[in-house]
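Numbered according to the working numbering, the sequence shown spans residues 21 to 771. Read through the structure below, which is laid out as C-alpha cells, and then see the notes.
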Amino acid sequence: MRYCMTVFVALILALMVGCGNEAQDSPNESEEKSQQTDVDTDGDGLSDSRENELGTAVNVTDSDADGYSDYDEVVIKNFQPDIDNYQFNPLIADLPTASIRILTTPIISIDYQKGSSETVTIGVEQSSESTSERTTASGGSNSHAIEQSHTVGASVTVSAGIEGPSVDVTANYEYSHSTTNESTISWDRSQAQAKTEAVTNIESKDTTSSQYWTNGRIELIAELVNTGRIAWTLNDMVLAAYTLDPRSGTERNPISNLESVAGFKSQTVVPGGKYGPLTFSATDLSLDKAHDLLADPSGIVVRTPGLELLDEDGKAFAHEMTTMATRTARIIIDYGVDVPESIQNTIEDYRVAVVTDGPDGVPVRRIFDDILKIGYETGTRPWRSLDADTASPSHEGLVAVREAEMNTDTTTYWLVVHTYKSSSGARRETRTLNLTQEGYDFDDLALRPGDVLHLVRVMDADRDGLAGRSEFRYGTDPQRADTDGDGLTDLEEILGWHIKVGTSTRYVQSSPLLADSDRDGINDGDEFKKRGEGSDPTEINNNPPNKPSLTASAKGLEVTVAASVSDPDARDVIREVAIDWGDGKRDTRSLNRRSGKLDFKHSYPTLAARTVTVTCTDGEGETARGTIQARPTRPTQGLVAHFPMEGVFKWGRRSYGVQNTVPGQSTHGRLNLISSSGSREGQPRSDNVYTSGAEGNGVNLRTDGSEGGIIIADHIAFGTGGACTVGMWVRFYRLAQHSNGRPGRLAQPLL
C-alpha cells in the first residue's frame with residue numbers, strides 16, 4: 021500500500037513538473053526533454069534517435085561546423101524548416117555572407133604635370149550611378165573559366181588567323197574565399213569610346229615637352245549587401261580589382277587594391293541590409309597599368325580579399341574553415357545572366373554537412389531533395405550545337421535547376437563541375453560534366469567532406485561562342501554575334517590575332533564595341549585582313565607627314581628659310597621640325613600641332629650656295645623631307661672697309677692696318693693674314709677656316725695651299741683705345757699653282 025502511495029505521489033509531481041514545463045519551454049525544448057531517456061552519443065543535447073530523424077551526425081556536436089551545435093540550432097535558435105529551411109539548419113552552415121555591388125562605372129585616369137605647377141588629369145571621368153544592367157554578381161573567375169572553356173572554341177568556327185582559345189581550366193575553390201561574391205563591371209559603347217579617346221589623348225601628350233606623367237588612379241563607388249541569414253558588423257574591407265584572360269576566362273592581371281577613402285564606421289547589417297555606399301580608390305596605379313586598363317576592352321572584376329565581419333558581440337567570426345572542410349561539401353549554383361524572375365539570387369552557395377553517411381558520402385539527390393529542398397530535373401532535351409542546322413536529342417544529364425531550364429533556342433544548358441580528393445587523398449581532381457558532349461548520371465554523384473559541386477548555367481543566345489557572362493563583361497550585345505558590325509564576331513575580336521612587325525609578330529585585340537577601335541579610319545575587319553602588313557587595330561596606321569613646302573631668302577650672308585609643314589592624319593601632330601643648313605650646322609624646333617609655319621635664320625661665312633634640308637617628324641616617328649638652295653648675297657650694310665688685296669701675296673705673315681671710320685671714334689686695329697702650305701700645317705681643307713679675334717686685336721685668316729681663298733664678312737670688336745664694332749668685307753683670291761717657299765700669284769677672284 022505504501023509503495024502504491026509513493027508511486028502515485030511521484031506521478032502527481034511528475035505531472036506538475038510537466039505542466040510547468042509546457043508553460044515555459046518552446047515546443048522543440050519540450051520534445052527534446054521528453055526524449056532524455058534516449059542515448060546521446062555526442063552529448064550535444066539531442067538524442068541519437070532525434071539526430072537520425074534530422075539527419076545530423078550522432079557523434080559530432082556540430083554537424084555543419086558553423087559554430088552552432090546541432091542542439092543550439094534546433095532547440096535554442098528554433099530551426100523551423102517550413103518557414104526558413106536555410107537559417108539555423110543543422111545540416112547547412114550559417115556563415116556571414118556579403119556581396120559586393122559596384123554602383124558606378126570607375127574613374128580611370130592618369131595625371132601629368134604641366135610646366136612647374138599645373139596638374140592635368142586625362143582619363144574616363146564618367147561616374148554616373150549604375151543600374152543592375154551595368155554591374156552584377158558574376159560568379160567570379162571560376163564561373164567565367166568554366167563557361168568559357170565550354171563555349172569559346174568548343175564547337176564554333178572562327179576565321180583563320182584568330183588566336184586559339186585556351187580550354188585547359190583548373191577551378192580553384194578555397195574555403196577561405198567564402199564570404200563574398202565577385203562583381204564584374206561592364207562598359208557600354210559610349211564608355212568604350214571615351215576610353216579610346218582618353219588613350220589617344222594620353223599618347224599625344226607623350227610627344228609634348230615640358231610635361232611628365234606622375235601617376236595613375238582608379239576610383240569607384242560600391243556597397244556591401246548582406247546576402248546571408250545572420251547579421252554582421254563590417255570592421256574592415258579592401259577591394260581587389262583584376263581583369264580576366266580573354267582566352268581562358270581565368271584571372272589574368274591584378275590591377276590594384278582599393279581602399280575606402282573615408283574609412284569605416286561601425287554598423288550592424290541585418291540579412292538583406294546594405295552597408296554603404298563607400299568610395300574606394302587606388303592612387304598609386306602604375307602608369308603602364310592605367311594605360312593598359314584604359315586601352316583594354318575587357319571589364320574589371322572586383323572582389324573583397326580583406327573583409328573582416330564581426331558578430332553581435334563585436335568579435336570577429338572565427339569559423340574554423342579547416343574543420344568545416346572535414347565535415348561539409350560546398351555546393352555553388354550559378355544561374356548566370358537572364359535569370360528567370362522566380363529565382364531571387366543569381367548565385368546560391370551552401371556548405372552542407374556530409375559526415376552522416378559514412379565514407380561513401382551523401383548522394384546528390386538526397387542533398388537537393390531533403391536538405392536544400394531545391395528542385396531539379398535530369399534527362400534529355402532537344403539541342404543544336406553552334407555549327408549545326410537542326411536540333412537533336414542531347415545526352416542524359418542535368419537539364420533544369422529550379423525554373424532555369426535547358427533551352428536550345430537560346431543555347432542554354434547546365435555544366436556540372438565536381439572537385440574532389442583523389443583516391444589517395446594526395447591531390448584534388450576536377451571533373452566537368454557536359455550533357456552536350458557526353459551523358460552522365462547526376463543522381464549518382466555523391467559528395468564527401470571537402471568536395472565542391474559547382475553548377476554553371478551557360479547561355480549563348482547569338483551563338484557566337486561568347487557566352488552570357490563574357491558578353492556582359494565586354495558590354496557586347498548577347499543577341500548579335502557582331503555587335504559593332506565590323507565583319508569580325510565579338511569572339512574573334514576578343515580572342516585577337518597576331519600581326520607582323522618586321523621579322524617578328526605581335527598579339528593584338530580589337531574592341532568588339534567599336535568598328536574602328538583606334539579611330540584611324542580603317543575598319544577593324546580590314547585591319548585583320550592586313551595583319552600580314554602590320555596593320556594594328558589598336559594603333560593608328562600612321563601616314564607620314566606631307567612634304568614640307570619651303571622658300572628661301574637672303575639678306576647678305578644671312579639666309580631665312582620658311583617651312584610650311586602638315587600631317588595628313590586627323591589625330592596626328594608634327595612633333596618637331598629640323599633643318600640642316602648644309603654647312604654642318606643644324607637647328608630643331610618643337611611644334612606639336614597638326615600643321616604650322618616656321619621661319620629659320622642662319623648666317624653663312626661665305627657666299628657659296630648650300631643645299632638646305634628640312635625634316636619634319638610626326639607623333640609616331642614618321643618623317644618627311646624637303647630641300648632648297650640657300651644663296652647668300654654680298655653684304656651691303658654696316659661695312660666701313662673694303663680690302664681688295666690685289667697683286668702678289670707672299671707666303672708668311674702679312675699685316676694690314678684697319679682704321680675705324682665710325683664717326684666719333686679713332687680706334688685702330690689690324691687685320692692679320694696667315695698663309696701656310698699643306699706640308700707645313702697639315703692636310704689642305706676644302707672650306708678654309710676663318711676665326712674671328714683669334715690673334716691680338718685682329719682677325720686670322722688661314723688658307724692651306726692652293727685650297728686657300730675665301731670671302732668673309734664680319735663685325736670685329738677692337739679693344740685698343742676703346743670699344744667699338746667695325747664691319748668688314750675682305751675679298752680674297754684663290755692662289756695659283758705654287759711650290760713651297762715660292763711666291764704665288766693671285767688668280768681669278770672666287771666671287
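Every residue gets a Cβ at the ideal spot worked out from N, C-alpha and C, and that includes glycine. All figures in this text were calculated on a predicted structure; none of them were measured in a lab.
Item, Value
"At least three beta-carbon pairs within less than 8 angstroms, the segment 440 to 454 to the segment 490 to 507", "no"
"According to DSSP, residues forming a beta bridge with residue 527", "518"
"Residue 426 (DSSP reduced to helix, strand or coil)", "coil"
"Residues near residue 547 by beta carbon distance below 6 angstroms, same chain, minus five either side", "555, 557"
"Beta-carbon gap between residue 426 and residue 436 smaller than 7 angstroms", "no"
"Segment limits, beta strand (DSSP E) that includes residue 365", "First-last for residue 365: undefined, no H or E at that position."
"Alpha-carbon spacing of residue 653 relative to residue 619, whole angstroms", "19 angstroms"
"Opposing strand residues paired with residue 166 [DSSP bridges]", "DSSP lists no partner for residue 166."
"Contact the segment 467 to 479 vs the segment 505 to 525: 3+ CB pairs below 8 angstroms", "no"
"Status (buried if at least 16 other CB within 10 Å, exposed otherwise) for residue 583", "buried"
"Same chain only: Cβ atoms within 7 angstroms of residue 464, ignoring 5 sequence neighbours per side", "none"
"Same chain, Cβ closer than 6 angstroms to residue 397, neighbours up to 5 away in sequence not counted", "419, 420"
"Nearest-angstrom beta carbon gap, residue 581 and residue 648 [assumed within contact, 8 angstroms]", "7 angstroms"
"Residue 72 - DSSP class collapsed to helix/strand/coil", "helix"
"Three CB pairs or more closer than 8 angstroms across the segment 119 to 128 and the segment 238 to 249", "yes"
"Alpha carbon of residue 456 to alpha carbon of residue 506, nearest angstrom", "31 angstroms"
"Whole-angstrom C-beta distance between residue 586 and residue 614, which should lie under 8 angstroms", "7 angstroms"
"DSSP state of residue 553 mapped onto helix, strand, coil", "helix"
"Neighbourhood of residue 381 by C-beta, 7 angstroms cutoff - its chain only, sequence neighbours within 5 removed", "374, 466, 467, 468"
"Unbroken alpha helix (DSSP H) run spanning residue 494, endpoints", "488 to 494"
"Cα-Cα separation between residue 629 and residue 599, rounded to whole angstroms", "16 angstroms"
"Inter-residue Cα distance where the pair is residue 573 and residue 650", "8 angstroms"
"Buried/exposed call for residue 109, threshold 16 Cβ in 10 Å", "buried"
"Sequence-distant residues of its chain with Cβ nearer than 7 angstroms to residue 499 (five each side left out)", "481, 482"
"Whether residue 58 touches residue 81 by CB criterion (7 angstroms)", "no"
"At least 3 beta-carbon pairs within less than 8 angstroms: the segment 109 to 120 vs the segment 74 to 91", "yes"
"Beta bridge counterpart(s) of residue 620 as assigned by DSSP", "581"
"Buried or exposed (CB count within 10 angstroms, at least 16 for buried), residue 528", "buried"
"Backbone secondary structure at residue 393 - three-state DSSP", "coil"
"Other residues of its chain near residue 644: CB distance less than 7 angstroms, five sequence neighbours each side excluded", "564, 565, 566, 567, 568, 636"
"Through-space distance from residue 391 to residue 383, alpha-carbon basis", "11 angstroms"
"Where the beta strand (DSSP E) through residue 599 begins and ends", "594 to 600"
"Beta-carbon proximity list for residue 293, same chain, < 6 angstroms, skipping 5 on both sides", "246"
"Proximity of residue 532 and residue 503 at Cβ, strictly below 7 angstroms", "yes"
"Residue environment, residue 119, which counts as buried when at least 16 other CB atoms sit within 10 Å", "buried"
"N- and C-terminal bounds of the beta strand (DSSP E) containing residue 117", "Here residue 117 belongs to no beta strand (DSSP E), and DSSP marks it neither H nor E."
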